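Reading through the structure tokens given below for one structure.
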Amino acid sequence: AVMAAEGAPAVEGDVSEAGQKCHSKDAPSSKPGFLQGLRRSLLEPSGPSGHSLFRKARFAMSLFSLFHIATVVASAKDIYLEKFGADATTTGLLFSLVSFWSPFTEFIVGQLQDRQMLARCFPVSRWGRRAPWLLTHLIVGAIAATVIYLPPSFEDFPLQAWFLVMMLSGYWAYSTCCIAFEAARQEIYPFKEERIMVEGLCKYACMAGGAVGGLP
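Letter by letter, the sequence shown follows residues -3 to 212 of my numbering.
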């Protein structure tokens, strides 16, 4: 009995010490557990498409560059009027002409994409039907957004002709990329639940691209 009484505190001490050790081991594991859960939520495939949240965000970020380019091109009218000294009446008429031509551009581009006119250079089995159009015309749009501010001359006719050609090129590239992206989104995410999430990510990408494009 004496031995049991004397041994009892030792047992309790051992138990408490063991519990402290277990607790000390469990405490640091909460951080890795959080990181593991975050990684799982970002990278694990989910939904009918089998795409992770990170991949959906990466898909939506394709619009960042597009809206950056669109904002830069659309701002050229003010620069031509205020900095380059372009005639306001002529510039306004040319800008209206570009706006009037945009719906026809979308119709023509849609027909070209449906007929897979780039399939010879970009095989559909490897690139898909829409990615080549997005890739090539983002490059076209980036070039147009750059050289539109580098007119070869500040004389009235060359300046206005340069403005018209670059605006048409920029809007052609913008329409092509938008049609390719929208068609790809419908094909990749056909179900409403996933498409709503991707649409939300696209809105943030568009706002970010437009905001950066509007910086001086």
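Here a beta-carbon is modelled for each residue, glycine too, at the ideal position from N, C-alpha and C.
Please read these numbers as outputs of a predicted model, since none were measured by experiment.
- Short of 7 Å from the beta carbon of LYS73, and not among the five residues preceding or following it, lie these beta carbons of its own chain, in chain order: THR87 and PHE91.
- The Cβ neighbour count for SER149, taken over all protein chains shown within 10 Å, is under 16; the residue is labelled exposed.
- DSSP, reduced to helix, strand and coil, places SER71 outside both helices and strands of the structure shown, so it counts as coil.
- Taking 8 Å as the cut-off, the Cβ atoms of LEU62 and CYS198 do not count as close.
- Look at SER42 here: in three-state DSSP terms it is strand.
- Taking C-beta atoms as the reference points, GLN109 and ALA176 count as a pair closer than 8 Å.
- Per the coordinates, the alpha-carbon of ILE144 lies some 43 Å from the alpha-carbon of PRO44.
- The C-beta distance from ALA70 to TYR76 rounds to 12 Å, too long to fall under 8 Å, and the pair is not in contact.
- Counted as a single uninterrupted DSSP element, the alpha helix (DSSP H) harbouring ALA179 occupies residues 152 to 184.
- Residue pairing of HIS64 in beta bridges, as defined by DSSP: absent, with no partner found.
- Straight-line spacing of the CA atoms in ARG36 and GLU189 works out to 20 Å.
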